[in-house]
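Residue numbers (the numbering used here): 18 to 238.
Before any comments, here is the structure.
If you want it as structure tokens, here you go:
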């Protein structure tokens with residue numbers, strides 16, 4: 018198993034660690050990680066690794082002094098071994114993975130559409146990151162969209178959570194919402210969510226001169 022690790026104190030330094038594949042226990046599955054997106058969004062996982070807990074999802078191997086971490090990625094994987102009667106070898110998944118080529122999961126809350134990882138070290142972490150989608154259960158699944166999905170899905174989640182939080186708090190009584198960095202993908206998702214709401218205040222976007230032409234053509238603001 019190969020694992021790409023980053024030095025927690027200096028994200029510009031990295032290494033690749035190789036270990037033997039683990040033997041899976043009853044109820045567990047072994048995944049072959051096929052692909053993932055690596056963007057500026059993932060870098061923020063490293064920057065906030067200690068404060069928010071992103072380093073906790075996938076403990077770094079051969080790391081006795083805890084100075085190295087494994088930055089999480091969004092991507093796709095295939096089940097190559099299964100000791101879980103509800104999940105078959107060959108099934109493909111979408112979700113949160115380490116920058117590695119293999120991963121062992123302990124599936125819980127299994128449905129036709131998804132399951133969660135029940136590993137002890139992940140139980141106190143945000144559930145949205147522990148959920149894995151079963152692609153065989155998606156009626157409209159299109160493999161050609163895998164790269165776009167890995168790139169945009171996590172940003173859409175962030176935008177959705179922002180929209181949901183604002184609506185739950187009744188927009189804090191604001192008469193308008195100002196979105197900074199209007200050109201960013203998360204900002205576009207947030208603007209779309211707010212525009213779809215019947216009760217959101219006026220939406221104002223800020224951007225640079227370079228990106229103003231694109232933003233002016235958007236119906237969201």
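Beta carbons: idealized from backbone N, C-alpha and C, even for Gly.
Classify residue 33 as helix, strand or coil using the three-state DSSP reduction. strand
Could you check the C-alpha separation between residue 194 and residue 211 for me, to the nearest Å? 9 Å
Measuring straight from C-alpha to C-alpha, what distance separates residue 173 and residue 141? 23 Å
Under 8 Å by Cβ, that's how I've got residue 104 and residue 197 pegged, so tell me the actual separation to the nearest angstrom. With a Cβ gap of about 43 Å, residue 104 and residue 197 do not count as contacting.
What residue ranges within the segment 140-219 form continuous alpha helix (DSSP H) runs of no fewer than 4 residues, ordered along the chain? 144-147, 163-185, 202-213
Express the C-alpha separation of residue 113 and residue 100 in angstroms, rounding to a whole number. 21 Å
For my contact list, residue 87 and residue 117 are in at a C-beta cut-off of 8 Å; report their separation, rounded to the angstrom. 7 Å
Quick check on the DSSP output: the alpha helix (DSSP H) that includes residue 63 runs from which residue to which? 57-64
Can you give the Cα-Cα distance for residue 179 and residue 37, rounded to whole angstroms? 41 Å
Closer than 6 Å by C-beta to residue 31: which residues in its own chain qualify, once you throw out the five before and the five after it? Chain order, please. 23
For the beta strand (DSSP E) that contains residue 47, what are its first and last residues? 46-54
Look up residue 95 in the DSSP assignment and give the residues it is bridged to. 49, 109
I need the DSSP call for residue 229, collapsed to helix, strand or coil. helix
Let me check one thing: in DSSP terms, what residues is residue 90 bridge-paired to? 114
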